[in-house]
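Okay, structure first, notes after.
2 protein chains.
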Amino acid sequence: MIRIAIDAMGGDNAPLCNVKGAVLALNESKEIEVILVGREKEIRPLLSGETFDADRLSVVNAEEVIETGEPPAMAVRSKKDSSICVGLRLLKDKKADAFVSCGSTGAVLVGGQLIAGRLPGIRRPALAVLMPTAKGMTLLIDCGANVDAKPENLVQFAHMGSLYMKYILHVEDPAVGLVNIGTEEEKGNALTRETYPLLKNEPGIRFLGNAEVRDLPSGICDVAVCEAFTGNVITKMYEGVAKTLFSEIKGAMMSSLRGKIGGLLVKPSLKKLLKTFDGSEYGGAPLLGLSGLVVKAHGNSEAVQVKNAVLQCIGFSKNDLSEKIIQAVNKDQ
Amino acid sequence: MIRIAIDAMGGDNAPLCNVKGAVLALNESKEIEVILVGREKEIRPLLSGETFDADRLSVVNAEEVIETGEPPAMAVRSKKDSSICVGLRLLKDKKADAFVSCGSTGAVLVGGQLIAGRLPGIRRPALAVLMPTAKGMTLLIDCGANVDAKPENLVQFAHMGSLYMKYILHVEDPAVGLVNIGTEEEKGNALTRETYPLLKNEPGIRFLGNAEVRDLPSGICDVAVCEAFTGNVITKMYEGVAKTLFSEIKGAMMSSLRGKIGGLLVKPSLKKLLKTFDGSEYGGAPLLGLSGLVVKAHGNSEAVQVKNAVLQCIGFSKNDLSEKIIQAVNKDQ
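As you go down the protein sequences, you meet chains A and B in turn. Residue numbering for the first sequence follows the working numbering, beginning at 688 and increasing consecutively. Residue numbering for the second sequence follows the working numbering, beginning at 688 and increasing consecutively.
Written out as structure tokens, the structure reads:
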């Protein structure tokens, strides 16, 4: 039985969608136990109308809530009774195998390191985001809150990303690309130029070389390695361009009668496409390199995204990814 | 009369489209004189079938060509008789007012600094790219080849970008945003955190604060300031996402009869939209901060894009932007 703690209070649609997502996950998998963490007096009434196996659901009270705008380090230190801190302590105390939150990314990242701690040998945990591409999915790592990483951090990201793609998404021999603004080895900034030779000579990963940013959406690699500022620019640009384009396309279609009729006809195909390009369908983003699994789901997650993030934890726990990460990063030391 | 030197040999469609673009520009504006720089024996035959005012067109021979893959600094130093080097020398010797190239961005940037030189007080010239948005255009600066810029460089980029938007695109009081992965002042990496207070206290620019990457495509600022690695990630991500989405949309529509019929009906609106989102329609990217105007057009430019890049030079020269840049960056020293 895999025990998954869920931050019931984090995210735009909390606690309603978090609770509903937990129930959906419970009903979809018999392998999990769910622990809802948050204000019990708000959570209990939301459970009253739902049907689920009550033996596999518990509530752990946490009175405080960390808001998205709060400086993460200070929030984690001062709000010990917040759903994020309490949930992460369940992980640390081995009372849970995984923790899922739609709350403040910064607080989850800082709290994950302060409370759950890093895996032995890991210098910096990383947030890995699945990015939909024309060919499937690319794991972009790091998209976290700790920017200005060093070359040796990026090598560890490459290992963690490769293991994730291999064991969780069943990609046979994942290809790793170094995110860059050109393909030649000497291209890029100080960080990419120093990282390239390290990745090239690192055993245990299949390094393709530089992955040009322009080629990422077409799916040129399985794992795209970068430091977190660049990772955030990429995911946010993806989101921004896709959103703007879809809204402009809608506007363009509505601008004429001909377009309106055509628009009605193409709507089902476009909806399906939009869904393919919606990363949240695939569950949350794992924070790799921590002791215990922490998954960050999007702040605007609905119940179905919470459910997907919870179910994602099953594969992670079953494959004992943490142990594999420890082996990979410590073997050459 | 504004004298514009054109690199006839640079780009994927050279020399044909470069020569045709020069002729189109000559026929569209009576204010310009065009100097085609490159292999005269290849250029002359292409001119033979064209109609234009021969008094305003000349050819300056340059036997060598710098290829896109060559390391820029070495290419500029060793190929003195290349179209890029010869064209930039015309600029330096005041035999031309502007130089337009579709060739190697790196070589144009390096050559621009080595041959034409920087404006007094400018520490680092910057490549400014116009990015189409839902509201119009945002100037993204720097998208050049010199990465790892310092905070004081970004302040100069903000001035140059504001002056460009004001005098060339006639934006009344351009709003400047610092490209970042969050809106709060303390967000981002070491560079953005150090740059923020400098921009906030800098007279002569209207600083909006951090511009979240996700909001760039919707057009939240007129000038978006960043260092070149980030600038390149943004423009290439824009290009990559738009290209992939449009191709997937086409595929989605073709997957059913209903979609095919609808696709035919919406095609004209989408084509118009695609054109709005195609940056090359607006001419090349100016390299701001050099002595003399250098414009870099896209490597895959057709004749019409070459023409647009050439015509863009008129406004630049007429407004004496270089003088305005010198005043702005030297006033507080």
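C-beta: ideal position from N, C-alpha, C; glycine also.
- The beta carbon of A:K954 is closer than 8 Å to none in its chain, skipping five residues each way along the sequence.
- Residues of chain A whose Cβ lies closer than 8 Å to the Cβ of B:I921 are, in chain order, V920 and M924.
- Taking a C-beta cut-off of 8 Å against chain A, the contacting residues of the segment 812-846 of chain B are T820, A821, V834 and D835, listed in chain order.
- In the three-state reduction of the DSSP assignment, B:P702 falls in the coil class.
- Annotation: the continuous beta strand (DSSP E) that includes B:S745 extends over L744 to N748.
- If you ignore the 5 residues before and after A:G906, its C-beta comes within less than 7 Å of the C-beta of T820, A821, K822, G823 and T825, all in its own chain and listed in chain order.
- Contact annotation: the segment 794-807 of chain A touches the segment 973-991 of chain A, with at least three C-beta pairs closer than 8 Å.
- For B:T879, the closest alpha carbon among the candidates A:Q992, A:L733 and A:F916 is that of A:F916.
- Looking at the DSSP output, B:E899 sits in a beta bridge with B:N867.
- Straight through space, the alpha carbons of A:A972 and A:L998 are spaced by roughly 12 Å.
- For A:M761, the closest Cβ of chain B is not nearer than 8 Å.
- The bridge partners DSSP lists for B:F933 come to none.
- Taking a C-beta distance under 8 Å as the contact criterion, B:V706 and B:L734 qualify as a contact pair.
- Comparing C-alpha distances from A:A709 to each of A:K853, A:K717, A:V721 and A:A836 shows the shortest one belongs to A:V721.
- Excluding residues up to 5 positions away in sequence, M818 lie with their Cβ nearer than 7 Å to the Cβ of A:Y925 in the same chain.
- Secondary structure of B:V912 (DSSP, three-state): strand.
- Runs of beta strand (DSSP E) with 3 or more residues, each lying fully within the segment 744-820 of chain A, are found at 744-748, 785-788 and 813-820, listed in chain order.
- Against chain B, the beta carbon of A:N876 has neighbours under 9 Å at V834, D835, E914, A915 and F916, listed in chain order.
- Taking A:A836 as the centre and dropping the five residues before and after it, the same chain places the C-beta of E914 closer than 6 Å to its C-beta, in chain order.
- Among the residues facing chain A, B:S943 is included, as its CB has a counterpart in that chain under 8 Å away.
- Comparing C-alpha distances from B:L744 to each of B:I719, B:A762 and B:E751 shows the shortest one belongs to B:I719.
- Approximately 6 Å separates the beta-carbon atoms of A:N833 and A:R811; this is inside 8 Å, confirming the contact.
- Straight-line spacing of the CA atoms in A:M761 and B:G918 works out to 32 Å.
- DSSP places B:V981 inside the beta strand (DSSP E), whose first and last residues are L980 to K983.
- With fewer than 16 neighbouring CB atoms inside 10 Å of its own CB, B:D699 falls in the exposed class.
- Secondary structure at A:T825: strand, using DSSP grouped into helix, strand and coil.
- The beta carbon of A:V746 lies closer than 6 Å to those of L723, E727 and I730 in the same chain, with the five residues before and after it left out.
- A:T882 is outside the set of residues whose beta carbon lies under 8 Å from a beta carbon in chain B.
- 8 Å or more divides the Cβ of B:A939 from the Cβ of B:G949.
- For B:I907, there is no enclosing beta strand (DSSP E), as DSSP marks it with neither H nor E.
- Short of 6 Å from the beta carbon of B:K853, and not among the five residues preceding or following it, lie these beta carbons of its own chain, in chain order: P861.
- Listed by position along chain B, the residues whose Cβ is nearer than 7 Å to that of A:V981 form an empty set, because the closest Cβ is around 20 Å away.
- Counted as a single uninterrupted DSSP element, the beta strand (DSSP E) harbouring B:L975 occupies residues A972 to L975.
- Here A:F894 carries a strand assignment [DSSP, helix/strand/coil].
- Close to A:A972, with beta-carbon spacing below 7 Å, lies no residue of chain B; the smallest spacing is near 15 Å.
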